[in-house]
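Numbering (the working numbering), first residue to last: 61 to 205. Glycine included, C-beta positions come from ideal geometry on N, C-alpha and C. Note that the coordinates shown come from a computational prediction; the quantities given were computed from them, not determined experimentally. For reference, the structure discussed in these notes is given below.
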Amino acid sequence: MVRSDEARGAETQAKSRASGSALRASLARRGAVFTALTGFADWLTLEWGSEIWKTATIHMFAMVSATIFFALAAIFGHASYMHGDVSAGAFVLTLIGFGLLTLGGWLGGSIVFVHGMRVLSLVHVPASRAAAPVPHPEKERAEGS
Numbered sequence: 061m062v063r064s065d066e067a068r069g070a071e072t073q074a075k076s077r078a079s080g081s082a083l084r085a086s087l088a089r090r091g092a093v094f095t096a097l098t099g100f101a102d103w104l105t106l107e108w109g110s111e112i113w114k115t116a117t118i119h120m121f122a123m124v125s126a127t128i129f130f131a132l133a134a135i136f137g138h139a140s141y142m143h144g145d146v147s148a149g150a151f152v153l154t155l156i157g158f159g160l161l162t163l164g165g166w167l168g169g170s171i172v173f174v175h176g177m178r179v180l181s182l183v184h185v186p187a188s189r190a191a192a193p194v195p196h197p198e199k200e201r202a203e204g205s
């Protein structure tokens with residue numbers, strides 16, 4: 061069977077995309093490990109059972125869970141990806157991963173900008189109040205408003 065130049069070009073392009081994707085995934089994994097280690101080092105400095113510790117612990121579990129869901133999506137979706145498709149299972153796993161990533165990012169923001177880890181220093185604000193999107197008086201006072 062003789063293949064056309066167009067078919068060979070499309071195959072070469074697909075292989076190039078796949079290798080570029082693998083490189084990006086490898087760099088992302090390395091970045092995730094470095095980020096997780098620095099976050100874990102910060103978590104170890106927190107007072108056990110404090111409100112900031114509670115928020116940071118939920119943040120850590122959300123981010124680790126997101127990483128696991130993304131890894132599962134990559135594992136279970138690899139065969140479909142190689143054929144240029146997205147399987148329903150991998151898509152759902154990716155959506156769950158993004159949901160957890162969003163939750164973890166929101167909680168990470170509250171660790172920094174509400175509890176004040178290196179910013180406002182409201183370390184005793186309850187976790188539920190720290191994650192609330194509406195400003196509370198203690199936040200406004202700490203910001204100097």
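Item, Value
"Can you tell me whether DSSP reads Asp145 as helix, strand or coil?", "coil"
"What runs of the beta strand (DSSP E), each 3 residues or longer, lie entirely inside the stretch 93-126?", "none"
"Starting from Ala187, follow the alpha helix (DSSP H) in both directions and report where the run begins and ends.", "187-190"
"Around the C-beta of Ser188, are 16 or more other C-beta atoms found within 10 angstroms, so that it is buried, or is it exposed?", "exposed"
"Is it buried or exposed, Phe26, if we count other Cβ atoms within 10 angstroms and call 16 or more buried?", "It is not possible to answer for residue 26, since the shown part of the chain is limited to 61 through 205."
"Apply the 10 Å Cβ neighbour rule to Glu111 and answer buried if 16 or more other Cβ atoms are within range, or exposed otherwise.", "buried"
"Would you check if there are 3 or more beta carbon pairs closer than 8 Å linking the stretch 114-132 to the stretch 159-170?", "yes"
"Among Ala96, Arg90, Ala134, Val185, whose alpha-carbon lies nearest the alpha-carbon of Ala122?", "Ala96"
"Roughly how far, in whole angstroms, is the beta-carbon of Leu132 from the beta-carbon of Ala116, given that I think they are within contact range, below 8 Å?", "In fact, because the Cβ distance is near 25 Å, the residues do not count as touching under 8 Å."
"DSSP three-state label for His138, please.", "helix"
"How should Met177 be labelled, buried or exposed, when 16 other C-beta atoms within 10 angstroms of its C-beta is the threshold for buried?", "buried"
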